[in-house]
Amino acid sequence: MTVQLNIREYSNISMIKGPLMVVKGVGDAAYQELVDIEMADGTKRRGMVVDSYNDMAVVQVFEGTTGISPTGTKVRFLGKGLEVKISEEMLGRIMSPLGDPLDGGPPIIKGEKRDINGDPMNPAMRDYPEEFIQTGVSAIDGLNSLLRGQKLPIFSGSGLPSNLLAAQIARQATVRGEESNFAVVFAAIGVRYDEFLFFRKFFEETGAINRVAMIATFANQPPSIKILTPRTALTLAEYLAFEQDMHVLAILIDMTNYCEALRELSASKEEVPGRGGYPGYMYTDLATIYERAGKVKGKKGSITQMPILTMPNDDMTHPIPDLTGYITEGQIVLDRSLYNKGIYPPINVLMSLSRLMRDGIGAGKTRDDHKELANQLFAAYARAVEVRGLASIIGEDSLSETDRKYLLFGDAFERRFIQQGLNENRSIEQTLDIGWEVLSILPESELVQLKPEQIKKYHPKYKSQAQAS
Amino acid sequence: MIANTSNMPVAAREASIYVGATIAEYFRDQGYDVLLVADSTSRWAEALRDLAGRMEEMPAEEGFPSYLASRLAEYYERAGRVITLGNPERMGSVTIASSVSPPGGDFTEPVTSNTLRFVRVFWPLDVSLAQQRHYPAINWLQGFSAYVDLVATWWHKNVDPEWKSMRDLMMRLLVREDELRQIVRLVGPESLAEKDKLTLEVARIIRIAFLQQNAFDDIDAFASPQKQAKMMRTIVTFYNRASELVAKGVPTKKIMEANQDLVAEMNRVKFTVKNDELQKIDQLIQAINARFDQLASGVKA
Numbered sequence: 005m006t007v008q009l010n011i012r013e014y015s016n017i018s019m020i021k022g023p024l025m026v027v028k029g030v031g032d033a034a035y036q037e038l039v040d041i042e043m044a045d046g047t048k049r050r051g052m053v054v055d056s057y058n059d060m061a062v063v064q065v066f067e068g069t070t071g072i073s074p075t076g077t078k079v080r081f082l083g084k085g086l087e088v089k090i091s092e093e094m095l096g097r098i099m100s101p102l103g104d105p106l107d108g109g110p111p112i113i114k115g116e117k118r119d120i121n122g123d124p125m126n127p128a129m130r131d132y133p134e135e136f137i138q139t140g141v142s143a144i145d146g147l148n149s150l151l152r153g154q155k156l157p158i159f160s161g162s163g164l165p166s167n168l169l170a171a172q173i174a175r176q177a178t179v180r181g182e183e184s185n186f187a188v189v190f191a192a193i194g195v196r197y198d199e200f201l202f203f204r205k206f207f208e209e210t211g212a213i214n215r216v217a218m219i220a221t222f223a224n225q226p227p228s229i230k231i232l233t234p235r236t237a238l239t240l241a242e243y244l245a246f247e248q249d250m251h252v253l254a255i256l257i258d259m260t261n262y263c264e265a266l267r268e269l270s271a272s273k274e275e276v277p278g279r280g281g282y283p284g285y286m287y288t289d290l291a292t293i294y295e296r297a298g299k300v301k302g303k304k305g306s307i308t309q310m311p312i313l314t315m316p317n318d319d320m321t322h323p324i325p326d327l328t329g330y331i332t333e334g335q336i337v338l339d340r341s342l343y344n345k346g347i348y349p350p351i352n353v354l355m356s357l358s359r360l361m362r363d364g365i366g367a368g369k370t371r372d373d374h375k376e377l378a379n380q381l382f383a384a385y386a387r388a389v390e391v392r393g394l395a396s397i398i399g400e401d402s403l404s405e406t407d408r409k410y411l412l413f414g415d416a417f418e419r420r421f422i423q424q425g426l427n428e429n430r431s432i433e434q435t436l437d438i439g440w441e442v443l444s445i446l447p448e449s450e451l452v453q454l455k456p457e458q459i460k461k462y463h464p465k466y467k468s469q470a471q472a473s
Numbered sequence: 025m026i027a028n029t030s031n032m033p034v035a036a037r038e039a040s041i042y043v044g045a046t047i048a049e050y051f052r053d054q055g056y057d058v059l060l061v062a063d064s065t066s067r068w069a070e071a072l073r074d075l076a077g078r079m080e081e082m083p084a085e086e087g088f089p090s091y092l093a094s095r096l097a098e099y100y101e102r103a104g105r106v107i108t109l110g111n112p113e114r115m116g117s118v119t120i121a122s123s124v125s126p127p128g129g130d131f132t133e134p135v136t137s138n139t140l141r142f143v144r145v146f147w148p149l150d151v152s153l154a155q156q157r158h159y160p161a162i163n164w165l166q167g168f169s170a171y172v173d174l175v176a177t178w179w180h181k182n183v184d185p186e187w188k189s190m191r192d193l194m195m196r197l198l199v200r201e202d203e204l205r206q207i208v209r210l211v212g213p214e215s216l217a218e219k220d221k222l223t224l225e226v227a228r229i230i231r232i233a234f235l236q237q238n239a240f241d242d243i244d245a246f247a248s249p250q251k252q253a254k255m256m257r258t259i260v261t262f263y264n265r266a267s268e269l270v271a272k273g274v275p276t277k278k279i280m281e282a283n284q285d286l287v288a289e290m291n292r293v294k295f296t297v298k299n300d301e302l303q304k305i306d307q308l309i310q311a312i313n314a315r316f317d318q319l320a321s322g323v324k325a
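As they're listed, the protein sequences go chains A and B.
Going left to right, the first sequence walks through residues 5 to 473 as the working numbering numbers them.
Going left to right, the second sequence walks through residues 25 to 325 as the working numbering numbers them.
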């Protein structure tokens, strides 16, 4: 958005309500124009025009309207959209969405000003994602691989360790062979202070902070500033990817907080509510965020997105996961029953899906047996879950020999393949080898999805024979 | 192809489906048979909801506008077969195949339930089938086609005069399988009658050999109607011959053991037999018949 207007100053505030302030007699306020507010005692706040009609401008105040008086307050319309100074200096730093440091460091001086709404990518210029990103997490790398330029959300439930998983991925994720060109933009949207401190401590202690830029807002801040958080983060990601040729992973946690803020603002603007009280345009609004991922022809960098959201009441049909699922390319689903069994990360691989996985794995990309091994693990685990249900009714003793092997496989798969430590960074080869190891519990005749030559090459039985001879 | 990415203006999203239908009608009027595929009408309905909200219209069910059903009807009613105006006389048609993506697979939500009022064929994709990696995950019990009898005349004339009876038998087995599975869950598989055990075994063959396909396999991705009919015939032959033996008191387990190699071959036909080598399936049917003749003579003796 490029709006070229002059700076105008007004002082006739007619109403203040919630985060909104109505200024009268403003005929030329542009939609999403940036506003400076100067109170009688000289303190300054910032805001944005969210509605402009009948000589009135509705201004949303980022810092909240508490303490603003209708008299003696000056409102300055700046004649430009919300711009934030962006530079590569932001890597290793923690900032608010307006660019103010939150880590006690000096302000960012260098950089170019960019509109945080970004420019939509021309669909014809998009490039298809087909290179693998290694996250070091087996359940993702092995079975739901993430590709450069993909947008793959994590659906979590309240209390599930999505923040640990987010931090682990932020620390470990890399493009093999291009480690130095990899950056993480971490948007913490409306998080609690303890979560914020956890992320900060985790990144600083593990040294990951050097390649992470964190944009944060807190749970007790007004909704308007929460809404800016992913936008500023993605503006930075676009700069790093398309100006600095970096591969950027943008992690947005937690999109549920974002949607709640959207609903709160929509209600205060007295808009007609849609499903669940969320505004009818929430799909469009989410799309303007999620579609800022991808690769562009002729540019070296890429933006991969991993939005994380909490499903209210673990309900996948809730508007937030539902609308997110429409736009993104698959999902990673966290599961409460796995979590209760003490398995970290509690990823339910059967419900999870990476729609682009098939194009980014296999010989030359990961390893030649990856596709077939993933199919085999899926099929065998699905069977194991089925057998588990059967065993709980008719008892383990009445199962056939093969079915009992499947039960063993199911447990080993969860304990050895899915489960891993918070600081355990597995290479894709390690992940696949563990997959083979747990599959070797099953009789060889059950491994129908794998090619005989792959079994000869990777099956632990033949591997150890080859080493012995 | 009419494309509209999710971050484009919402009004364009609403319009895209009408643009598609209009182009389809244009070709229809030239005498073509047109297939219009729309993916997904739920996103289109989402656009209707978005616009209705912005225009401050009174929301109806789940925030969708009250005219959702009539808009859906207007769209689906654009399908049909026509004699066009003008000379020479031409026949053209528009067939609409639209996807609906109900949140969480809930078919009672407004877009799905209203769509079902206006369509005559329904292919529901099933979450649990998809999780078992059964592709295509069409639920054969929930799905329906109101055209089965009409299509049967085409099959009978062009492919196989017994298509309808084979299809009905297979459908009956699948429905019975579903009932039996619930019983098995309660009392275990051993207490079933031999006849029912056979039903379970054959239904499994139908699911693996016939319903399940691999879209990435060169041969399996497309099965011609002729091949489909032959595959149905192998399964039906197997079932009929096995039923005869079961009626004579041969246990199902014994029949399945004696036919292990043939069942494996039936399950592989989809990958191994190309659409132009159907004589191989005929040979398989002969082999099945021969095997059962042999088994039957053993029973008599």
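Using N, Cα and C, we set each Cβ at its ideal position, and we do this for glycine too.
Margin query: Checking 8 Å against the spacing of the C-beta atoms, do MET250 of chain A and PHE207 of chain A come in under that value?
Written below: No.
Next item on the list: With DSSP as the reference, label PHE246 of chain B as helix, strand or coil.
Entry: PHE246 of chain B falls in the coil class under three-state DSSP.
Item checked: C-alpha gap between THR223 of chain B and ILE324 of chain A, whole angstroms -> The straight-line gap from Cα to Cα measures roughly 44 Å.
Next item on the list: State the beta-bridge partners of LYS48 of chain A as determined by DSSP.
Entry: LYS48 of chain A is bridged to A:GLU42.
Check: How about the stretch 93-109 of chain B and the stretch 133-143 of chain B: do they share at least three Cβ pairs that are nearer than 8 Å?
Finding: Taking a contact to require three or more Cβ pairs closer than 8 Å, the stretch 93-109 of chain B and the stretch 133-143 of chain B qualify as touching.
Check: How would you call HIS374 of chain A, buried or exposed, if buried means at least 16 neighbouring beta carbons within 10 angstroms?
Finding: Result: buried.
Notebook entry, point to check: Which residues in chain A sit within 7 Å of ARG73 of chain B, going by Cβ to Cβ distance?
Noted result: Listed along the chain, the chain A residues whose CB falls inside 7 Å of the CB of ARG73 of chain B are GLY278 and GLY284.
Checklist line | Reduced DSSP category for VAL7 of chain A - H, G, I as helix; E, B as strand; rest coil | finding: Note on VAL7 of chain A: pLDDT 47, under 50, position unreliable in the model; the coordinate value appears next. It is coil, neither helix nor strand.
Next item on the list: Look up GLY122 of chain A in the DSSP assignment and say whether it is helix, strand or coil.
Entry: The three-state reading of DSSP puts GLY122 of chain A in coil, since its state is none of H, G, I, E or B.
Check: What is the DSSP secondary structure of TYR129 of chain A, counted as helix, strand or coil?
Finding: For the sequence presented, residue 129 of chain A should be read as Met rather than Tyr. In the structure shown, MET129 of chain A sits in a helix (DSSP, three-state: H, G or I).
Check: Is the CB of PRO447 of chain A under 8 Å away from at least one CB in chain B?
Finding: Look at PRO447 of chain A: its C-beta is not under 8 Å from any C-beta on chain B.
Next item on the list: May I ask you to report which of helix, strand or coil DSSP gives ILE351 of chain A?
Entry: DSSP, read as helix, strand or coil, puts ILE351 of chain A in strand.
Check: Is the shortest distance between the beta-carbon of ALA386 of chain A and the beta-carbons of chain B less than 8 Å?
Finding: Using a Cβ-Cβ cut-off of 8 Å, ALA386 of chain A counts as an interface residue toward chain B, since at least one Cβ of chain B sits closer than that to its own.
Check: Is the stretch 123-134 of chain A touching the stretch 167-186 of chain A in the sense that three or more CB pairs, one from each, lie closer than 8 Å?
Finding: The stretch 167-186 of chain A is not in contact with the stretch 123-134 of chain A.
Notebook entry, point to check: For chain B, is any of its Cβ atoms less than 8 Å away from the one on ASP123 of chain A?
Noted result: Judged by the 8 Å Cβ criterion, ASP123 of chain A is not in contact with chain B.
Checklist line | Span of the alpha helix (DSSP H) around ALA217 of chain A | finding: ALA217 of chain A -> not in any alpha helix (DSSP H); beta strand (DSSP E) instead, spanning 216-222.
Notebook entry, point to check: Would you call the stretch 266-278 of chain A and the stretch 137-157 of chain A touching, i.e. three or more CB-CB distances under 8 Å?
Noted result: Two segments are said to touch when three or more pairs of C-beta atoms, one from each, lie closer than 8 Å; by this definition the stretch 266-278 of chain A does not touch the stretch 137-157 of chain A.
Check: Given that a residue counts as buried once 16 or more other Cβ atoms are within 10 Å of its Cβ, and exposed if not, what is ASN3 of chain A?
Finding: An answer regarding residue 3 of chain A cannot be provided, because it is not within the stretch 5 to 473 covered by chain A.
Notebook entry, point to check: Who are the near neighbours of SER169 of chain B in its chain, counting only those whose CB is closer than 6 Å to its CB and skipping five residues on each side?
Noted result: Result list for SER169 of chain B: VAL145, in chain order.
Notebook entry, point to check: Apart from the five residues on each side of it in sequence, which residues of its chain come closer than 6 Å, Cβ to Cβ, to GLN309 of chain A?
Noted result: These residues qualify, in order along the chain: LYS155, ALA254 and ALA297.
Check: Just to confirm, does LEU224 of chain B get its C-beta within under 7 Å of one of the non-hydrogen atoms of the ligand NAP?
Finding: Although the ligand NAP was asked about, the structure shown includes no ligands whatsoever.
Notebook entry, point to check: Taking DSSP as the reference, what is the three-state secondary structure of SER234 of chain A?
Noted result: This sequence places Pro at residue 234 of chain A; Ser is not what is there. For PRO234 of chain A, the three-state secondary structure derived from DSSP is helix.
Check: Does LEU443 of chain A have its Cβ less than 8 Å from a Cβ in chain B?
Finding: No, LEU443 of chain A lies away from the interface with chain B (no Cβ there is under 8 Å from its Cβ).
Check: Does any CB atom of chain A fall closer than 8 Å to the CB of GLN310 of chain B?
Finding: Taking Cβ atoms only, chain A never reaches closer than 8 Å to GLN310 of chain B, which makes this a no.
Item checked: Alpha carbon of ILE41 of chain B to alpha carbon of ASP150 of chain B, nearest angstrom -> Distance between the alpha carbons of ILE41 of chain B and ASP150 of chain B is about 25 Å.
Next item on the list: Grab me the residues of ALA176 of chain B's own chain with a C-beta within less than 7 Å of its C-beta, minus the 5 sequence neighbours each way, in chain order.
Entry: If we look at ALA176 of chain B and ignore the five residues flanking it on each side, its Cβ neighbours are TRP187 and LYS188.
Next item on the list: Can you give me the start and stop residues for the alpha helix (DSSP H) that LEU253 of chain A sits inside?
Entry: Looking at the DSSP string, LEU253 of chain A is not in any alpha helix (DSSP H); the run it does join, the beta strand (DSSP E), is 251-257.
Checklist line | N- and C-terminal bounds of the alpha helix (DSSP H) containing PRO323 of chain A | finding: 323-331 is the extent of the alpha helix (DSSP H) around PRO323 of chain A.
Margin query: Give me the chain B residues within the contact set of PRO127 of chain A, using Cβ-Cβ distance strictly less than 7 Å, ordered along the chain.
Written below: Residues of chain B passing the Cβ test: ALA27 and THR29.
Margin query: Strictly below 7 Å CB to CB, what residues from chain A border ASP130 of chain B?
Written below: Residues of chain A passing the Cβ test: THR321.
Note to self: Quick check on DSSP: helix, strand or coil for TYR159 of chain B?
What the structure shows: Judged by DSSP in its simplified three-state form, TYR159 of chain B adopts coil rather than helix or strand.
Check: Comparing the C-beta of PRO275 of chain B with each C-beta of chain A, is any distance below 8 Å?
Finding: Using a CB distance cut-off of 8 Å, PRO275 of chain B does not count as an interface residue toward chain A.
Notebook entry, point to check: Along chain B, which residues have their Cβ under 7 Å away from the Cβ of PHE382 of chain A?
Noted result: Correct list: ARG157.
Notebook entry, point to check: Between GLU225 of chain B and MET280 of chain B, which are expected to be in contact by the criterion C-beta below 8 Å, what is the C-beta distance as a whole number of angstroms?
Noted result: With a contact defined as Cβ atoms closer than 8 Å, GLU225 of chain B and MET280 of chain B qualify at about 6 Å.
Next item on the list: Establish whether the CB of ALA84 of chain B and some CB of chain A are separated by less than 8 Å.
Entry: The beta carbon of ALA84 of chain B does not come within 8 Å of any beta carbon belonging to chain A, so the residue lies off that interface.
Check: Which class does GLN303 of chain B belong to by DSSP, given the choice of helix, strand or coil?
Finding: GLN303 of chain B falls in the helix class under three-state DSSP.
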